[in-house]
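Numbering (my numbering), first residue to last: 14 to 310. Okay, structure first, notes after.
Here it is, written out as structure tokens:
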């Protein structure tokens, strides 16, 4: 494509985030090819201008950039190196942008293999900001890879991210995402406990964010989620089991590097307990149910 700022992009994975990413790219003028096993999700994107691809290979063959938005490293590996996968249509002039959240070591291994076998480079670009950030082009994206490939990816990332930062070599973006998830998980638990403490003291929990704005305890999570938690608003913004997946990766990385994470360990087990109670597919606000004694509906 001749336009300097628009590109032909394959989006592999049309889940909640993949759909938001593809939608934003379509709205900003990119030509988007989509593949997902769920054909209804692909059809929904087709209705707003995406091209449905018959396979991952076909989507990559038609595109300059390939974005992955998948749940697990095992799925990423199968999509990249499996039959009719990315590698089957890979070429040095194409670029893989992995926006999944997966293990840093798996990322480093797969990126090296793809480059070695096909000449196609890989930039890990996990994100923070969720669906609202993707749809508004205001994601925070932490990247890992070669500096030149990072700049090549900017052609697409500039339409998705307000903050796009190269953190280091391949896998560094995924490591930074684990740190992001550490902050998020611990702060979500802190917000839930703060809501209960406010309620016990007769304070309107929804008024706390305004009262603490600009102080040292302030944060976007406080501002965006405390009123939601206080209202027991369980509308979906992020799944507990997805957070646990990232926290499990975080603990595995910490074990490998012999990094002590005592507070994070406690929060991991709280997420595991919530999943065991059947709340894995639920929004993070349902953390309140544990503190409520599972009485809130």
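Beta carbons are placed, not taken as given, at the ideal position from N, Cα and C, and that holds for glycine. Computed from a predicted model, the values in this text were never measured in an experiment.
Backbone CA spacing between residue i and residue j [nearest angstrom]
i	j	result
residue 166	residue 93	18 Å
residue 67	residue 262	32 Å
residue 47	residue 23	6 Å
residue 56	residue 28	13 Å
residue 203	residue 103	45 Å
residue 307	residue 288	13 Å
residue 216	residue 276	27 Å
residue 129	residue 73	18 Å
Sequence-distant residues of its chain with Cβ nearer than 6 Å to residue i (five each side left out)
i	result
residue 249	296
residue 38	22, 45
residue 76	21, 22, 23, 46
Coarse secondary structure for residue i, derived from DSSP in three states
i	result
residue 50	coil
residue 43	coil
residue 172	coil
residue 61	coil
residue 31	helix
residue 181	strand
residue 23	strand
residue 307	coil
residue 246	coil
Cβ-Cβ separation, residue j to residue i (assumed contact under 8 Å), whole Å
i	j	result
residue 121	residue 183	5 Å
residue 58	residue 35	5 Å
residue 207	residue 239	7 Å
residue 191	residue 242	That belief does not hold up - the Cβ atoms of residue 191 and residue 242 are roughly 24 Å apart, past 8 Å.
residue 113	residue 83	5 Å
residue 134	residue 162	4 Å
Contact set for residue i: own chain, Cβ-Cβ below 8 Å, skip 5 residues either direction
i	result
residue 125	183
Close Cβ partners of residue i (< 7 Å) along its chain, the five nearest in sequence each way excluded
i	result
residue 212	218
* To do: Could you pull out every unbroken beta strand (DSSP E) segment of at least 3 residues lying fully inside the stretch 98-179, listed in chain order?
  => 108-111, 134-137, 152-157
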